[in-house]
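Worksheet for the structure shown next.
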Amino acid sequence: MKHVKTMVALAAMVSGTAVYAQDDFSGQLKARQGQFRIMAINLGILGSMAKGEMEYSAKAAQNAADSLVAVSMVHQPPLWPEGSDGMAIDGTRAEASIWDENEDFLSKWADFGTAAQAMQASAGDGQDALGPLMGQVGGTCKACHDNHRAPAN
Numbered sequence: 013m014k015h016v017k018t019m020v021a022l023a024a025m026v027s028g029t030a031v032y033a034q035d036d037f038s039g040q041l042k043a044r045q046g047q048f049r050i051m052a053i054n055l056g057i058l059g060s061m062a063k064g065e066m067e068y069s070a071k072a073a074q075n076a077a078d079s080l081v082a083v084s085m086v087h088q089p090p091l092w093p094e095g096s097d098g099m100a101i102d103g104t105r106a107e108a109s110i111w112d113e114n115e116d117f118l119s120k121w122a123d124f125g126t127a128a129q130a131m132q133a134s135a136g137d138g139q140d141a142l143g144p145l146m147g148q149v150g151g152t153c154k155a156c157h158d159n160h161r162a163p164a165n
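The sequence shown begins at 13 in the working numbering and counts up one residue at a time.
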């Protein structure tokens, strides 16, 4: 009987944890917003160099491009559990289309990775190389935001 009570208590804890994990997406939300902050910081460095607002440094440009590629390699599905859209929880502008049109969403993420790799291949080649590459990377961000991100209020 003691073993049965222990098993019932264990089952209750596990099932309670599973319910909590399904309803609380704070970790996933922080992780995906963190990756976008990393992207923004590094795109800011590259963009400032491309515009001449910051002195061009091949090393800094390469480091920023390398960081973009690293972020692009993060496996996205665990960061986007269904039900973590802006209509279901506060703190996100993610649209439900991310799950309704998941292939498109993941394809757009892959496009970002391809553009980031192009940036990585040429970021150290001088300021003139950065502008067109910024356009490519920015275009992939815009394509995803246009379809899968709610506008700012």
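A virtual CB, placed ideally from N, CA and C, is assigned to each residue, including glycine. It should be emphasised that the depicted structure is a prediction, and the values quoted were computed from it without experimental measurement.
Boundaries cannot be given for Ile-101, as no alpha helix (DSSP H) includes it and DSSP labels it neither H nor E. Between the alpha carbons of Ala-141 and Asp-36 lies a distance of about 43 Å. No Cβ-Cβ contact shorter than 8 Å links Leu-91 with Ala-76. Excluding residues up to 5 positions away in sequence, Ser-84, Thr-152 lie with their Cβ nearer than 6 Å to the Cβ of Phe-124 in the same chain. Checking the DSSP bridge columns, you'll see Arg-161 partnered with Ala-106. Between the alpha carbons of Gln-139 and Ala-155 lies a distance of about 25 Å.
Rounded to whole angstroms, the Cβ separation of Ile-110 and Asp-102 is 17 Å, and the two are not in contact under 8 Å.
Cβ contact annotation for Trp-121 (same chain, cutoff 6 Å, sequence separation greater than five): Gln-88, in chain order. Per DSSP, reduced to three states, the secondary structure at Pro-93 is coil, with no helix or strand assignment.
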